[in-house]
Amino acid sequence: MNDIIIYKNAIKNSMHYALEKNKNSIIYGIGVTDYIGIFGTTEGLEQEFGSDRVFDTPISEDAMTGFAVGASLGGLYPIHIHIRADFLLLTMNQLINSAAKYRYTYGGLFQTPMLIRAVIGRSWGQGAQHSQSLQSLFAHIPGLTVIMPSSAEAAEKCYKYAVMHYKNPVISFEHRLLYDYKFNKNSSLIDQNNPFDSYLVEEGNDITIVASSIMVQEAIKASDYISKYENISIEIIDINSVSHPNQTLILNSIRKTGKLIVADTSWLSHGLGAEISRMILETDVTLLKKPMKNLGMAQATCPTAKKLEYEFYPNLKDLVVSIYDLHFGTLKGKKIPSEEEIVYQYKYFKGPF
Amino acid sequence: MNDIIIYKNAIKNSMHYALEKNKNSIIYGIGVTDYIGIFGTTEGLEQEFGSDRVFDTPISEDAMTGFAVGASLGGLYPIHIHIRADFLLLTMNQLINSAAKYRYTYGGLFQTPMLIRAVIGRSWGQGAQHSQSLQSLFAHIPGLTVIMPSSAEAAEKCYKYAVMHYKNPVISFEHRLLYDYKFNKNSSLIDQNNPFDSYLVEEGNDITIVASSIMVQEAIKASDYISKYENISIEIIDINSVSHPNQTLILNSIRKTGKLIVADTSWLSHGLGAEISRMILETDVTLLKKPMKNLGMAQATCPTAKKLEYEFYPNLKDLVVSIYDLHFGTLKGKKIPSEEEIVYQYKYFKGPF
Amino acid sequence: MQLYEKLFYEALKIRLLEEKIIEVYPEDKVESPVHLSIGQEHHIVSIMEPLTNKDIVFTTYRSHAVYLAKGGDLKLMLAELYGKQSGISKGKSGSMHLCSPEHGMMGSSAIVGAIYSHSIGMAYAQKIDTSTNNITLCITGEGATEEGVFCETLNFASLKQLPIIYIIENNGLAINIPIEVRQSYTIEKLAKAYNIEYHSYEDSFDMLTINNKFSKLVTDMKKSPRPIIIEIHTYRYLEHVGISMDYDKGYRTLNEYEAWYKRDPLVLNETLIKRYKNKIIKDIDDAINFAENSPSSFKDELLTDVY
Amino acid sequence: MQLYEKLFYEALKIRLLEEKIIEVYPEDKVESPVHLSIGQEHHIVSIMEPLTNKDIVFTTYRSHAVYLAKGGDLKLMLAELYGKQSGISKGKSGSMHLCSPEHGMMGSSAIVGAIYSHSIGMAYAQKIDTSTNNITLCITGEGATEEGVFCETLNFASLKQLPIIYIIENNGLAINIPIEVRQSYTIEKLAKAYNIEYHSYEDSFDMLTINNKFSKLVTDMKKSPRPIIIEIHTYRYLEHVGISMDYDKGYRTLNEYEAWYKRDPLVLNETLIKRYKNKIIKDIDDAINFAENSPSSFKDELLTDVY
Ligand SMILES: Cc1ncc(C[n+]2csc(CCOP(=O)(O)OP(=O)(O)O)c2C)c(N)n1
Ligand SMILES: Cc1ncc(C[n+]2csc(CCOP(=O)(O)OP(=O)(O)O)c2C)c(N)n1
Ligand SMILES: [Mg+2]
Ligand SMILES: [Mg+2]
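Residue numbers (our numbering), protein chains in the order written: chain A, -7 to 345; chain H, -7 to 345; chain V, 17 to 323; chain L, 17 to 323.
Below, the structure written as structure tokens:
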């Protein structure tokens, strides 16, 4: 019991740490100071550190993003939080035209370190405008560092590192279903010197799964599930940083297994799976023995009805089926997870956001 | 001489056609009515069709994009023009959260046909914020149709089709260096029934080049250049629609040649080359005989100094070198284009935008 | 039916429908978050009353009241909330994106402020079509005015003298954050800065006065098209999203609520409640039955209407 | 040097520098588009004069005047424009993004309106650092105020009473489009809507009056931090981007220009021109030589400073 930490508490720890250890850090965003406190991750911080350093803002995402650029130039370390990543679409101009480019454009005379936290996720019929997972839009842009911490350890270590050591804008996507996930407090998968790096979650020989965010957890579940029925050895790599994937780690794994599944939270076109494909085909066209599998959102807007939402997002079953297909070339006689096993916790998620 | 048409005049024709044939069309944007008239493509239209249908706007890109959604719902066909694609970053919320999703979210009860024209480009030291080529950000999003007409024929036919027949939002990127390019008036490479489709520009057997926008013209130049010295048969495919590439056409070509260059105008990460790679690896891992070549902008912000800008953008030399490398595995003894041949017209481009 | 009764009836319908949603919500049949209008129904019906089906409305995620008051259908709506193929949008939109094109309700956005610009686009289409004199309504909360696009659209609406009415429902809250933390301006002074006519309706419960003033305004506007802003002072009874009261959370007091509640005609006017409640409840129950008995959204709808 | 002479000297330097740019531009040595300040130099020097190096300035692509008036170096600037490794930013920024961190010039954006929010961020950093009383200046054209983010930042600046001065250079034009086509509001009324102090400087040529008023304001603001808007009426002599006059293009008249030109102190005051011109020209020529003789940006800079 003492060895358990839930995701949101790990994040809360890192936020507290930020305010305590980096006197220049500030945390702000819509809902940061209210009783919900961004799924609890900012709870109590205003009371402890004061309203100058922790504050709510008007509903003005564009201004409050450029604010981060200016505050950063002024020596502060801004942490700007969005309760839904969809709202980042109002901030693209500042993130891409200003934050990503400030350092380079001025020949290194400036830096604009900052952390943008944005919540992504599925379930609860959030529909078209409250369900998007926009990491690829940012990973396309030089100058932006895009991370998707999939565990308590990753979140806490990445954020502490960002706040204390990293000199560039970081955009982090947190999956809302992860907040209540339980993790082992003593996990140490993350490289202390480069916490954003991709890392090995499980070692295996038959199939490589490169996953992001909650799909890492789904991959672990898939591996566990299959291990009960079949002898397939699965290697799981957490991409962790979508903008800076560890090419060596990934290619070595594929070199070993020859089979690849990329499981991401967003759309496939121009997405993470595409990027990994490029990495492969630019390097060695003989690495893959079988066509790769790409899991992500369906090629549509997110619908609200559960029946459709269920089809829309990639899930445990998709992973298990992909693994069987790659390994056996057939599903015949294979055990597939039941709907109850599949929907697990995302069926019961009820907000508040 | 009579058989020649320049790109900007083809676009102007299509704009005139739009206003004449589709009585609901309107054309607006910053600079649409001034004496420059978006590189001449909107010249004289306000005078001919009146200020209700052709007008300049305040510098309010966000509002004027949502305006297009509302106008479209109200029965108009909006054509919204941006003199630089970089400004689209202010319009992402409306394009992605509204325009792309309106039809789907409401179960097909609405449609929001519209055309967004945005100018991309290189040269003249336009630097960090006036040089981006953002097609991949939109191609990631279901519901958006993203085109990059690379010729007078493509531009004219795509726009006429969009305005008269197509019921979804179209985002078109026009390369500023193309405006003065001369094309054969009688060219008929475009499929009349589906003008957005990818199409074959040159047939060949040794190497496939999939290119977008001005890189199609560069590919043609590269092919011409090489044909003077070597016997390499190059197949060139114009992707034309970045969001809806013709998979069959592309894969069949690669099946034939086994060698691929993707030449795009933007960054590589999560870009067009990545997307083509995904298409390949999901289908058949044996298609490519050699590692693919991806040409695009360097992994940096665009610098202004000519010396750096020259390195930043992909050019004729990069294409020629890639072709030699794929075909011969060496550059030894091969003829490489001189700097003068490479920079051709982009060296002398001088605005006004 | 007299005008007041008609308005009352419509408001009561919304109230009872949303109370029914509260009742069934724990059963998990409503397949999306809900932003209830309870406490804010009155002015909506007063404002929808003088509009034709060609007068267009855009609104937000808090769209139940507007949907019903503009003529929307209970059955279609509940089927939509229940994620059914027979819903307004085949179960794809859920509670946050109600629409009813044939009544001129052209959509609801969950992105705060997004509809300001949709509204000027629509009003522009109306304006340049000189054969008609339809108008556009854009209904948002006061919080949405903090998005810069609000000002962008005021500028454009004023420049082009568009036939648009901005209805600003000022309930003093954006989610749980009070207006004082967020706004240094008043809507009235902003309107003035853009040369836009401004009206304030101080009591959202006063259905007749609002209806009366508003109807006159609409008639006048159809003769002299121009942008207008109306600010309505109102109060949200429940939490921002969800079905509960939240007076225990410390950001507002029960007293505040009670001051409104004890004046609420939908509570006080027992005569009219008695007269209409049963009929409405029956309609709602029929709609619930319709929703329950409709098939879920068809799987193959997943990929339709993308392009 | 007397105050007026000092201001005049600085303004003349900008004028002569930009005239030199016009002269050399056709040689294609300046490796980027240029947005010249000619006609708009006077007020800039008046406003920069009372500021310290810790008072921060953000401005736009039209940044030459601000760069020089804030203390920027001619050599570094010209080397930057010439695309040289010895330039301010090693040739990466060109004309549109000048900066001089040690003088408090923190950057220039080519995206209209982008710096409003940078400025409130900086002013916020200044405000919560109670050990100092530095201020931030945000200098844009009047066109930029049409971006919604302008209003968003006014709201925030007013809410937090930030030490920020918005300088709005009203030259009546955004590229070639006159203000009447674009704006239904006045900056003055907008300021009022946000409870922000407003000042109008009617004649941008009146360097002493502007300097005098502005210096007092800065002194006062450093005691009582608050946001302030100053609108300055000014005139752009040349085309929006580039080195030519454009009175033949039909969107404005030569008369308009002449009315300004014949009052222009940088033309009229022959005594002072005579006194300083040669010295300035020499400095400029030195800078040009420096730029010409510096090596081009190093190729391996292409991928530095990305992360
Ligand atoms: C662009 C954007 N930012 C933030 C949110 C989160 N959000 C949802 S509702 C809301 C409050 C809106 O307040 P108001 O406009 O007053 O409407 P009310 O809910 O009070 O009716 C916020 C901030 C959002 N949906 N969209
Ligand atoms: C976001 C954005 N939209 C459009 C442009 C194109 N543009 C460049 S300058 C300019 C006019 C700006 O006018 P104003 O703010 O008055 O400044 P001035 O040039 O008159 O000094 C425009 C529209 C841009 N650079 N950025
Ligand atoms: Mg509100
Ligand atoms: Mg101007």
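Backbone N, C-alpha and C fix where the C-beta goes; we use that ideal spot for every residue, glycine too.
- Each residue's CA atom was taken as its position, placing H/GLN118 and L/THR76 some 14 Å apart.
- With distances taken between CA atoms, H/ILE30 lies nearest to H/ASN1 out of H/ASN185, H/ASN1, H/ASN16 and H/GLU40.
- In terms of side-chain proximity, the C-beta atom of A/ILE315 is found no nearer than 7 Å to any non-hydrogen atom of ligand 2.
- Neighbours of V/SER109 across chain A, judged by C-beta separation under 7 Å: GLY119 and THR296.
- Here L/SER48 really is in contact with L/GLY110; their C-beta atoms are around 3 Å apart, less than 8 Å.
- With respect to chain L, the C-beta atom of V/GLY164 has a partner C-beta closer than 8 Å.
- Counting C-beta pairs with one atom in each stretch, the region 257 to 270 of chain V and the region 41 to 55 of chain V have three or more that are closer than 8 Å, which means they touch.
- For V/ASN171, the chain L residues whose Cβ falls inside 7 Å of its Cβ are GLU162, GLN199, SER200 and TYR201, in order along the chain.
- Environment of ligand 4, chain-ordered: L/GLY157, L/GLU158, L/GLY159, L/ASN187, L/LEU189 and L/ALA190, taking every residue with Cβ within less than 6 Å of a heavy atom.
- A direct Cα-Cα distance of roughly 11 Å separates A/ALA266 from A/LYS285.
- Excluding five sequence positions before and after A/TYR96, the CB atoms of its chain that fall closer than 7 Å to its own CB belong to GLY135, given in chain order.
- For V/GLU213, there is no enclosing alpha helix (DSSP H); the enclosing beta strand (DSSP E) covers residues 213 to 217.
- Taking a contact to require three or more Cβ pairs closer than 8 Å, the region 129 to 142 of chain V and the region 154 to 161 of chain V qualify as touching.
- Take A/LYS248, set aside five residues on each side of it, and the residues of its chain with a beta-carbon closer than 7 Å to its own are ASN197, in chain order.
- In the three-state reduction of the DSSP assignment, A/TRP259 falls in the strand class.
- Among the residues facing chain L, A/THR137 is included, as its CB has a counterpart in that chain under 8 Å away.
- Short of 6 Å from the beta carbon of L/LYS36, and not among the five residues preceding or following it, lie these beta carbons of its own chain, in chain order: ILE300.
- By DSSP's assignment, V/TYR182 forms a beta bridge with V/CYS154 and V/ILE245.
- By the neighbour-count definition (other C-beta atoms within 10 Å, threshold 16), V/VAL46 is a buried residue.
- Taken in chain order, the complete beta strand (DSSP E) segments of 3 residues or longer contained in the region 224 to 292 of chain H are 226 to 230, 252 to 259 and 285 to 289.
- DSSP, read as helix, strand or coil, puts A/LEU169 in helix.
- Distance from the CA atom of H/ALA292 to the CA atom of H/THR104, rounded to whole angstroms, is 35 Å.
- Straight across, the Cα-Cα distance linking A/PHE130 with V/ILE212 is about 39 Å.
- At least one CB of chain H lies nearer than 8 Å to the CB of V/GLY137.
- In the structure shown, A/LYS174 adopts extended strand secondary structure according to DSSP, grouped into three states.
- Under the rule that a run must span 3 or more residues, the beta strand (DSSP E) segments found entirely inside the region 17 to 97 of chain H read 17 to 21 and 69 to 74.
- Partner residues in the beta bridge of L/SER312, as assigned by DSSP, are L/LYS100.
- For H/ILE139, the uninterrupted beta strand (DSSP E) segment begins and ends at 137 to 139.
- Under DSSP, V/THR225 takes part in no beta bridge, so it has no partner.
- Nearest to A/ALA110 by C-alpha distance, out of A/LYS327, A/PHE102, A/TYR94 and A/GLN127, is A/GLN127.
- Cβ contact annotation for H/GLY32 (same chain, cutoff 7 Å, sequence separation greater than five): LYS0 and LYS4, in chain order.
- In the DSSP assignment, A/LEU107 falls within the unbroken beta strand (DSSP E) covering 106 to 112.
- Residues of chain L with a Cβ closer than 8 Å to the Cβ of H/GLY23 are, in chain order, ILE191, ASN192 and ILE193.
- Taking H/PRO70 as reference, the option from H/TYR151, H/ASN223 and H/LYS326 with the minimal CA-CA separation is H/TYR151.
- Under the three-state reduction of DSSP output, H/ALA120 falls in the coil class, being neither helix nor strand.
- Of all C-beta pairs linking the region 175 to 194 of chain V to the region 227 to 246 of chain V, three or more are shorter than 8 Å, placing the two stretches in contact.
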